[in-house]
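Here the sequence shown stands for residues 5 to 183, numbered as in the working numbering. We put the CB at the ideal spot given by N, CA and C, even for glycine. One structure below.
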Amino acid sequence: PRIIYFQWFRSGRESQKMRISINNFQSAYALNTKKARKLLLFFARNLPGRTEKWSEISLIIMGDADIAVINSIYFGRNLPTDVISLKYPPIPGEYGQPGGEIYVNIQRAVTICRRRTSWTPSRELALYIAHGCDHLSGMDDRTLRERGRMRRMDLRWLAKAMASGLVSNLVPARQRRIT
């Protein structure tokens with residue numbers, strides 16, 4: 005199901021209209037879309053080094069198979085991954101602001117948390133969303149140094165989101181399973 009939200013928020017003295025969309029293309033795991041929207045908006049408002057405005061940011065929730073296809077199309081790697089971010093130039097005739105998509109793998113978030121006793125799927129998925137927003141802001145993780153810098157930023161984002169109550173129950177404890 006595609007859920008579209010329109011959000012207004014103030015950035016300094018300016019108001020900005022940004023479209024947030026949540027696209028859940030999997031049915032194996034429950035997702036609290038209201039929390040996902042609030043979390044994405046929280047990160048989008050606070051992108052590090054954010055100087056440009058965004059017309060739209062889409063969050064696409066997928067499983068391993070679907071995100072592997074996206075990874076293959078854009079990066080030539082036919083493998084599942086945790087998050088993929090794509091930034092688009094402004095659409096002529098519209099706001100003149102860039103847009104972005106963040107593909108996150110909820111299946112991987114749940115699987116990884118089975119191995120970590122102190123980490124929840126909600127926390128892992130929120131980390132992926134933070135990481136995707138960091139990529140949209142221009143950060144990169146190609147080198148070991150960049151990866152470390154970005155990981156520290158992701159964890160700071162996650163801590164702030166958790167302190168604001170935006171992470172708990174993002175992926176509800178009761179999961180729906182495909183049989």
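A check of alpha carbon separations from residue 110 across 88, 65, 133 identifies 65 as the nearest.
Taking residue 130 as the centre and dropping the five residues before and after it, the same chain places the C-beta of 43, 162, 165, 171, 174 closer than 7 Å to its C-beta, in chain order. For residue 26, the closest C-alpha among the options 142, 95, 41 is that of 41.
By the Cβ-count criterion, residue 48 is buried, with 16 or more other Cβ atoms from all chains shown falling within 10 Å of its own Cβ.
Nearest Cα to residue 108 within the set 123, 94, 135, 22: 135. Between the alpha carbons of residue 62 and residue 39 lies a distance of about 14 Å. Per the coordinates, the alpha-carbon of residue 94 lies some 32 Å from the alpha-carbon of residue 31.
Looking at the DSSP output, residue 91 bridges to 104. In this model, residue 73 and residue 80 are separated by some 9 Å (Cα to Cα).
Excluding the 5 residues flanking it on each side, residue 29 has same chain C-beta neighbours closer than 7 Å at 64, 65, 66, 70, in chain order. Within 10 angstroms of the beta-carbon of residue 144 lie fewer than 16 other beta-carbons, which makes it exposed.
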